[in-house]
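Take a look at the structure below.
Put into structure tokens, the structure is as follows:
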């Protein structure tokens with residue numbers, strides 16, 4: 002691994018083998034070039050998202066307004082609009098991280114997108130949503146984030162068997178960690 006030009010703490014972590022991820026994704030970061038700057042200058046090699054992050058992104062700036070107006074005019078439900086907005090942003094994020102993904106042989110350069118947390122207690126609905134997200138984004142450097150509920154564990158097993166990359170989240174005990182493993 003080459004050591005980036007930045008010699009700050011994040012460069013030191015990267016040089017020690019730590020993958021630095023950002024817990025934020027928005028059109029402001031994407032369109033303004035800030036995400037690329039964080040990759041280049043601050044050694045960020047991945048980004049994770051969740052509904053709270055997207056709610057925050059929607060409240061900042063006006064980069065979502067045109068798409069929201071169009072989706073509203075088309076009669077999209079709130080859930081369908083959120084799906085469209087988030088998958089568009091995640092697809093764009095995956096494209097920004099694609100060179101990192103390629104350079105690291107797929108170890109880094111990923112974007113994590115969470116299934117709707119309201120589905121966490123429904124194995125089939127979680128697996129179906131994971132497949133929909135995977136197909137809609139259509140990028141090899143996507144992680145589908147699935148919570149480690151008992152029902153989620155079954156969904157995780159099912160979608161991994163189909164070749165979908167998964168980021169397991171909400172592991173709150175050693176027992177659950179063992180079950181995930």
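In this note's numbering, the protein residues as written are 2 to 182. We put the CB at the ideal spot given by N, CA and C, even for glycine. In this text, all values refer to a predicted model and were calculated from it rather than measured experimentally.
Your pair residue 153 and residue 127 checks out as a contact, with CB atoms roughly 6 Å apart and the cut at 8 Å. Looking at the DSSP output, residue 174 bridges to nothing. Secondary structure of residue 97 (DSSP, three-state): helix. Distance between residue 104 and residue 13, taken at the CA atoms: about 19 Å. Counting along the chain, residue 148 sits inside the beta strand (DSSP E) bounded by residues 143-148. Under the three-state reduction of DSSP, residue 66 is assigned to helix. By the C-beta criterion, the segment 36-50 is judged not to be in contact with the segment 69-76, since fewer than 3 inter-stretch pairs fall below 8 Å. Non-local beta-carbon contacts of residue 110 in its own chain, meaning distances under 8 Å to residues more than five positions away in sequence, involve 46, 47, 98, 99, 100, 101, 102, 103, 104, 142 in chain order. In the structure shown, the three-state DSSP call for residue 111 is strand. Here residue 28 is buried: its Cβ has 16 or more other Cβ atoms, across all protein chains shown, within 10 Å. The DSSP-derived three-state label of residue 19 is coil.
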